[in-house]
Amino acid sequence: MPVHNADIAAVFGEIADLLEIQGANAFRIRAYRNAARTINDYGRDLAGLINRGEALPKLPGIGADLSAKLEEIARTGHSVFLDRLHKDWPAAITALLQIPGLGPKRVKILYDNLHVRTLEELDAAVRAGRVASLPGFGPRTEANIRQAVAAHWSKARRFRLAFAEPYAQALAAYLEQTPGVRQVVVAGSFRRRQETVGDLDFVVAAASGPAVTKRFTAYDEVSEILSGGTTRASVRLRCGLQVDLRVVAEESYGAALHYFTGSRAHSIAVRRLAQARGLKINEYGVFRGKARIAGATEESVYAAIDLPYIPPELREDRGEIDAARAGTLPLLVERRDLCGDLHSHTAASDGRDSLEDMARAAALQGLRYLAITDHSRHLSVAHGLDPRRLAQQGEAIDAWNAAHPEITLLKGIEVDILEDGSLDLPDAALQPLDLVVGAIHSRFGLSRARQTERILRALDHPYLTLLAHPTGRLIGSREAYDVDMARIIRKARACGCHLELNAQPERLDLTDVHCRMARDEGVAVSIDSDAHAGADFRFLEYGIGQARRGWLERRHVLNTRTLADLRPLLRQAQAAS
DNA sequence: GCCGTTTTCGGCCCGACTGTTTTCAGTCG
């Protein structure tokens, strides 16, 4: 039974939860939480490494004790320490912490007084009216918990970034019209371009707080006001998104923006750096004693602790502060760096627009080349192409290219990688193409070993150029298939293949962590729209966000090359074989 | 439980809002 990094992180997270309910030292708890986050974000498979007898790398915040526990979990799949905690605390009790308004103290009180161990028992207790009389509780708290339990069961917890974007823009435009408002920015995970957001965090610079919070809570898409003060307010929109607002004075705007952009781990690391310099950072500014020395801009906040500006996408406490200090921050790829797109569909398979319309739409987006990569015959539900139809499409592409110098179409195919790792079309059909994009569309449930072997074999094919959506996940609806990404990345480098970062908002795989692994291994990533209609080229923006989170620079991204520079790289695999 | 330009011991980020209190604890971000 393989133990993934996420499994190890989950054990540490559960230990932290239980220690917290137990009332343990807060910094000990934080150590477990930090370790969980570090392990979750770590690119290489720690259990694999340990079981091969390799030395555990030095991870920040993981000392002798946690290293030993990490190794134990990696080898055995569980932790004696956690098992011991479970003797005192029922396993399901940590789920109670998911309920807004319930923290460790109240969970302990519920357990000690009413023996509440599960969400179901909590629900029964609040329905029976037994909670209000507990110490520290009251009728309002009881009612809030009752609502929160119901909400927890009915609502999805996180939203895709692209889902949240239009709501964020509309609300920002509304708030900008408030008299006295100078700046409106959506901070938080939205600004860090995380693939999903739990809520939207608005930071507003304005002369008067109450005027803004009042207008905010009166927004006509608000279904519920969760809290409202003079500088802060929280609401839920009818679409289900929670929105938090914070209003600050202009001189504090940068400090507030920095603080509410997070991530929390990044903020804490920055504050600690300030502390070491005798400074204090809060959302109002950077202070030496009572004197504010910075805070109007984010740049001034970083400058106060001798750091250059760190782009929001990097702010995850994954080494960006050390890089900033050393002057080695990446110069992150931008949308305007993209010269082309290597994955798109037309009405010939499951796209909606003609080849010509796709070409025109791509040109309007500033692209200079576009690969037409319809599905292959195995994907019959998508009217996949057989060799004859593929050859016909090639003729249409030649005709387009002869008449349209503004954008060049490349002949390609998104060929199915079959269960045994072979490709769905014969070499003779693939040979005339400019590029071959390989993808898995069937048998997602193979074991890790077989799925990995399947992909490795496909990468060995001399015509394969690019591995599309390498994990197959659909955010919120389908898990990634189980593969050894480190092996796939190393194999891609050996074969001269490239990996795709699919920019569809529900795919966005490679993930940020995988992008960084590819970068470290020297494998180029292609940021592709996988457009099925002319309007879909806008998705490239989301791919760029994910790539930036993965520390990718222009040079790491395949389709920032001009067509002349790109062409030899598309046939690199043949040269390598 | 971790860590060290002040440290191997004594620190560890910081403030607003709510609901409970009667001056503040708990929770959240």
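Numbering-wise, this note's numbering puts 274 at position 288 of the first sequence, and it's gapless, one number per residue.
Using N, Cα and C, we set each Cβ at its ideal position, and we do this for glycine too.
Exposed unless 16 or more other CB atoms sit within 10 angstroms - verdict on residue i
i, result
"Q180", "buried"
"H244", "buried"
"D495", "buried"
"C483", "buried"
"K44", "exposed"
"D488", "Here residue 488 turns out to be Asn, not Asp, going by the sequence shown. It counts as buried."
"Q437", "buried"
"I307", "buried"
"D69", "exposed"
"D230", "buried"
"D498", "buried"
"I211", "exposed"
"Q532", "buried"
"W537", "buried"
Opening and closing residue of the beta strand (DSSP E) in which residue i lies
i, result
"Q169", "V167 to V172"
"K266", "K266 to N268"
"D514", "V511 to D514"
"I383", "It is not in any beta strand (DSSP E) - I383 instead sits in the alpha helix (DSSP H) that spans P373 to A389."
"E210", "V208 to G214"
Residues sharing a beta bridge with residue i, DSSP
i, result
"G424", "V401 and L453"
"D230", "D187 and S220"
"H361", "E400"
"T394", "Y355"
"D327", "L356"
"S366", "Paired residue(s): none; S366 is not in a bridge."
"H484", "L452"
"R274", "A277"
"R464", "L460"
"R146", "T182"
"E539", "L318"
"A435", "DSSP output for A435 lists no bridge partner at all."
"L409", "I403"
"A517", "S330"
"A192", "V167"
For residue i, the first and last residue of its enclosing alpha helix (DSSP H)
i, result
"Y245", "Y239 to T247"
"R(-2)", "Rather than Arg, the amino acid found at residue -2 in this sequence is Phe. Segment N(-9) to Q8, the alpha helix (DSSP H) holding F(-2)."
"Y528", "L526 to R535"
"P90", "P90 to L100"
"H138", "P125 to S140"
"F67", "V66 to D74"
"V256", "R250 to A262"
"C501", "D498 to E507"
"P46", "Per DSSP, P46 belongs to no alpha helix (DSSP H) and is neither H nor E."
"A21", "A12 to D27"
"T121", "Note on identity: in this sequence residue 121 is Pro, with Thr being the wrong assignment. From DSSP, P121 is part of no alpha helix (DSSP H); its letter is neither H nor E."
"S286", "E284 to A290"
"E40", "That residue, E40, is in no alpha helix (DSSP H); it is neither H nor E in DSSP."
"E106", "L105 to R113"
"R338", "First-last for R338: undefined, no H or E at that position."
"Q203", "The sequence given here has Thr at residue 203, not Gln. Run containing T203: G195 to T203, per the alpha helix (DSSP H) assignment."
"E306", "E306 to A312"
7 angstroms CB neighbourhood of residue i in its chain, flanking five on each side removed
i, result
"T283", "G240"
"G214", "T199 and T203"
"G124", "A118"
"V93", "I7, I79, L82 and L83"
"R257", "I267"
"A349", "E392 and I393"
Cβ shell of residue i (< 6 angstroms), same chain only, five flanking positions each side left out
i, result
"R19", "A2"
"V102", "L96, L108 and A111"
"H500", "M471"
"A510", "H484 and L544"
"Q558", "G482"
Residues of its chain near residue i, where Cβ-Cβ distance is below 8 angstroms and the 5 sequence neighbours each way are ignored
i, result
"F525", "A148, A489, Q490, P491, S515, D516 and A517"
Check: residue i C-beta below 8 angstroms from any heavy atom of the ligand MN
i, result
"R321", "Judged by which ligands are present, the structure shown has none, so any question about the ligand MN falls away."
If you pair each beta-carbon of the segment 480 to 495 with each one of the segment 451 to 470, do three or more pairs fall below 8 angstroms?
yes
For the segment -3 to 8 against the segment 68 to 75, do three or more pairs of beta-carbon atoms, one drawn from each stretch, fall closer than 8 angstroms, so that the two count as touching?
Taking 8 angstroms as the limit for Cβ pairs, the verdict is that the segment 68 to 75 does touch the segment -3 to 8.
Assess, as a yes-or-no matter, whether the segment 364 to 382 is touched by the segment 396 to 416 under the definition of 3 or more beta carbon pairs within less than 8 angstroms.
yes
Could you say if the segment 12 to 32 and the segment 96 to 107 meet the contact criterion of at least three C-beta pairs nearer than 8 angstroms?
Contact between the segment 12 to 32 and the segment 96 to 107 is absent, because fewer than three Cβ pairs lie under 8 angstroms.
With a cut-off of 8 angstroms, do at least 3 Cβ pairs link the segment 117 to 129 to the segment 153 to 162?
Here the segment 117 to 129 makes no contact with the segment 153 to 162; the two share fewer than three CB pairs at distances below 8 angstroms.
Looking at C-beta atoms only, is the number of pairs between the segment 268 to 276 and the segment 208 to 226 that lie closer than 8 angstroms three or more?
Touching, no, given that fewer than three Cβ pairs across the two stretches are closer than 8 angstroms.
Under 8 angstroms, with one C-beta from each stretch per pair, do the segment 348 to 357 and the segment 326 to 337 reach the 3-pair mark?
yes
Three or more C-beta pairs below 8 angstroms linking the segment 80 to 87 and the segment 58 to 65:
no
Mind the definition here: the segment 406 to 426 touches the segment 449 to 462 only if three or more C-beta pairs lie below 8 angstroms; say whether that holds.
yes
Would you say the segment 296 to 307 touches the segment 165 to 178, given that touching needs at least three Cβ pairs under 8 angstroms?
yes
Quick check: the segment 533 to 548 against the segment 386 to 393, are there 3 or more CB pairs under 8 angstroms?
With a cut-off of 8 angstroms, the segment 386 to 393 and the segment 533 to 548 do not count as touching, because too few Cβ pairs lie within range.
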